[in-house]
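Reading through the structure tokens given below for one structure.
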Amino acid sequence: MTSSSGSVPDPVPPRVELAPSDAPPKLASMGQDRSRETILELDRVTKVYTAGEPPAVDDVSLAVGEGEFFSILGPSGSGKTTTLRVIAGFERPTSGVVSLAGRDVSRVPPFKRDVNTVFQQYALFPHMTVAQNVVYPLKMAGLARQERDAKVKAMLERVEMAGFESRRPHQLSGGQRQRVALARALVAQPKVLLLDEPLGALDLKLREHMLLVLRHLQRDTGITFVYVTHDQAEALGMSHRLAVMNNGRIEQVASPDDVYRRPATSFVARFIGKTNLLECVVENGRVQAGGLTLQVAGAPPTGRFTVSLRPEDVRIGPDASGLPNRMTARVRETLFLGHEQQVLVEAGEQTLTVRASGKEPFLPGQEVEIGWWAEAAVAVAETEPPQGLEDVPA
Amino acid sequence: MSATAEGAPALKRASVRREVARDTSIKGLLLTPAFAWIALLVLAPNIFLLLYSFWENDLGTVVKTFSLENYREGINSEVVRTLFTRTFVIAFMAAGIATAIAYPAAYIVVRKMGRFKLAAALLILVPLWVSFLLRVFAWRIILGEQGILNGFLTSTGLADQPSEAFLYSRTTVVLTLTYIVIPYVFLASYTVLERIPNSVYEASADCGASAWRTFWRVVWPLSRPGVAIGFAIGFVLAFGDYVTPQMVGGVEGTMLGSIVIQQFGTANNWPYGAAIAVSIMLTSLVFLALVSYLSRTEARYE
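Protein sequences appear in the order of chains A and B. Here the working numbering is used: the first residue of the first sequence is 1, the next is one more, and so on. Here the working numbering is used: the first residue of the second sequence is 1, the next is one more, and so on.
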């Protein structure tokens, strides 16, 4: 397409790793956190609502460690809420086993499970005061009055709701209701706290505040949190580990850093952050992608595969010199965002999104050098885009 | 400069006031037909009834002088006192039994019927489409001497001959009124139960409450006001009814409404009939107020 794609990198056999010192820095992997005791385990859990239709949750296996902040991230309809409801006991798995602290609870009704839920719409009892709402689980547990009152008081102080004891839910703001719901779910100190998009109904400012409140609560109480959200920023920012779900399946379970830097599938790469997906084929030991010859660390020896390349991993201009993947590209469009700019470039038959600092101007039609490390392009498994509601920009 | 600064808000305030006044007058205009309707068909007859109850009767002619004689006569009458008590007990029993049947039914329909919920609710409400008279008459067909029940008993040999005992008794009146009142209590119960979001049930279970405790601590307090209204409406309907006792009650099942009819009819004593009718209405009102006060729950959904 462009005459400038002639700059082909030196032929280097694939699967040659660069010296570690040259490689971009990597954070320690937390994909398999073995330092924690497993508190919650899902073993091949499947949930089918209507026979004949695809399962809402499809063969999901998970292990959540004690004291972990674990998120389940996915677009709407991906099965994340159903997974949470199976853990809470509101839905019975069609097959598979849910274990809590080593005990099979698949057939245990919700009121006998040592987990509590913060509901999306809070689900406070409208006829009870704040104090009555929060004391409810303790009453059900049969605690003595003095102990109950002390715990409710401490809990309400912890969520900054002291002084609101005799208010009713409809007299509270959204953020306050949210905190009461949290207090009610935490007061009995469950083994696991389940949160179903708890911040979805709040406005942005309140959401940011509540994110901190949640994180501090989790850290201070040491209770395991399982947090369901469709917001990648929430999941990346708060979790020790997260599971990314799509079409009822888990596509990846890893630390936020790993999920971002080493997405396992094309869906994960696209759903979390922005990325360039390049379809590659190995020909004569070389990785080809739409007129480009690439060096991809860990590329398979033969066949077709897809790589994900983050826009910020692509260097542009003088920064690109000396990188193993280097080529000339033509600027098609730039989008100035203040602190940075997004540059759409054409290289070979590929169109790539590149992030550059906002300082240097790039003009449409201009020829530029671009380049990236072999590790920057990550081979991902190709998976189906989400069925139904399309939440992911193509 | 300061003049404009002060003048502008004042001007604005005046125009806002005008705007609001215009809105209010339009709203008033739109409501006029409804008010006229209520005034003509509800208020006026009741005011006449009230007036009549304070007038005197002179051998079938109404004398328009104020007196409390009608009320005094009613209170002093053994018959009226007996019938008042009986009517109260019958109406209370009918509404109570109807509630005991309709509320659980509404709970089951709302919580357990899934997608057949609406169909089931309609099925229970179907009798309301049939004329009141026919619904009462249906029980004569079932319980009468030539009725279905007797036919069943004689043909199966459980009874030698048809019995008269099923019809024309106080029990029959209670039974029929219960049947009449059930759809109303059901509708009231259904409406409040329907409003309780599923997540509230789940939250209660989540907090460790069994279905039983969830019912008593959450569902009952939240639905109590609606059920009470249903119960009170049932009571009021039964308390003022005269058709049912007349058709299935016999002498034993006579109720207060029968006297009203009698006074307006054969006895031709409108003021006395009006006084008893007013008493029925007042009792109903007090009952309604009392029940809704006792059953109130302070709750508002978000």
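Ideal placement from N, C-alpha and C gives every residue a C-beta, glycine not left out.
- For A:TYR227, the number of other beta carbons within 10 angstroms of its own is at least 16, and it is reported as buried.
- In the DSSP secondary-structure assignment, A:ALA254 is bridged to A:LEU242.
- Residue pairing by DSSP puts A:ALA381 in a beta bridge opposite A:THR265.
- Counting along the chain, the unbroken beta strand (DSSP E) around A:THR229 starts and ends at 224–229.
- Chain A has no Cβ within less than 8 Å of the Cβ of B:SER189.
- Following the DSSP letters along the chain, one finds B:MET255 in no alpha helix (DSSP H), marked with neither H nor E.
- Taking 7 Å as the upper bound on Cβ-Cβ separation, chain B lies near residues PHE125, PRO126, HIS127, TYR136, PRO137, MET140, ALA141 of the region 125–147 of chain A.
- Taking a beta-carbon distance threshold of 8 Å, B:GLY249 does not count as an interface residue toward chain A.
- CA-CA distance, B:LEU122 to B:THR178, rounds to 18 Å.
- Between B:LEU222 and chain A, the shortest Cβ-Cβ separation is below 8 Å.
- One thing to note: B:THR297 has its Cβ within 8 Å of the Cβ of B:LEU222.
- Shown here is that no member of the region 70–102 of chain B has a Cβ falling below 9 Å from a Cβ of chain A.
- With contacts defined as CB atoms closer than 8 Å, B:LEU143 and B:TYR184 fail to qualify as a contacting pair.
- Across the structure, A:ALA88 and A:GLN178 are spaced so that their CA atoms are roughly 19 Å apart.
- Here B:PRO104 is exposed, its C-beta having fewer than 16 other C-beta atoms within 10 Å.
- Beta-bridge annotation (DSSP): A:CYS280 is paired with A:PHE305.
- Under a criterion of Cβ atoms nearer than 7 Å, the residues of chain B adjacent to A:PHE111 are, in order, ALA205, GLY208, ALA209, SER210.
- At least one C-beta of chain B is nearer than 8 Å to the C-beta of A:ARG184.
- Within chain B, ASP206 have C-beta atoms less than 7 Å from the C-beta of A:THR117, given in sequence order.
- Taking 8 Å as the CB threshold, B:SER199 lines the interface with chain A.
- For B:THR172, the enclosing alpha helix (DSSP H) stretches over residues 170–195.
- Runs of the beta strand (DSSP E) spanning 3 or more residues and lying entirely within the region 47–120 of chain A occur at 57–65, 69–73, 95–100, 115–118, in chain order.
- Bridge pairing for A:ALA356: A:GLN341 [DSSP].
- Boundaries of the alpha helix (DSSP H) around B:LEU122: 117–125.
- With 16 or more other Cβ atoms from the protein chains shown falling within 10 Å of its own Cβ, A:ASP258 counts as buried.
- Among the residues facing chain A, B:ALA299 is included, as its CB has a counterpart in that chain under 8 Å away.
- For chain B, the residues of the region 76–98 of chain A that bring a beta carbon within less than 9 Å of one of its beta carbons are ARG85, ALA88, GLY89, PHE90, in chain order.
- The bridge partners DSSP lists for A:PHE336 are A:GLN341.
- Against B:ARG213, the close residues of chain A are MET140, in the order they occur along the chain (beta-carbon pairs closer than 8 Å).
- Under the DSSP assignment, A:ILE370 falls outside any alpha helix (DSSP H), being part of the beta strand (DSSP E) whose first and last residues are 367–372.
- With contacts defined as CB atoms closer than 8 Å, B:TRP270 and B:VAL89 fail to qualify as a contacting pair.
- Chain B has a Cβ within less than 8 Å of the Cβ of A:GLN121.
- The C-beta distance from A:LEU352 to A:ALA243 rounds to 29 Å, too long to fall under 8 Å, and the pair is not in contact.
- Counting C-beta atoms within 10 angstroms of its own C-beta, A:GLU53 has fewer than 16 neighbours from the protein chains shown and is therefore classed as exposed.
- Taken atom to atom, the span from the alpha-carbon of A:HIS209 to that of B:ALA91 is near 58 Å.
- Per DSSP, A:VAL192 lies in no alpha helix (DSSP H) segment; the continuous beta strand (DSSP E) that holds it begins and ends at 192–196.
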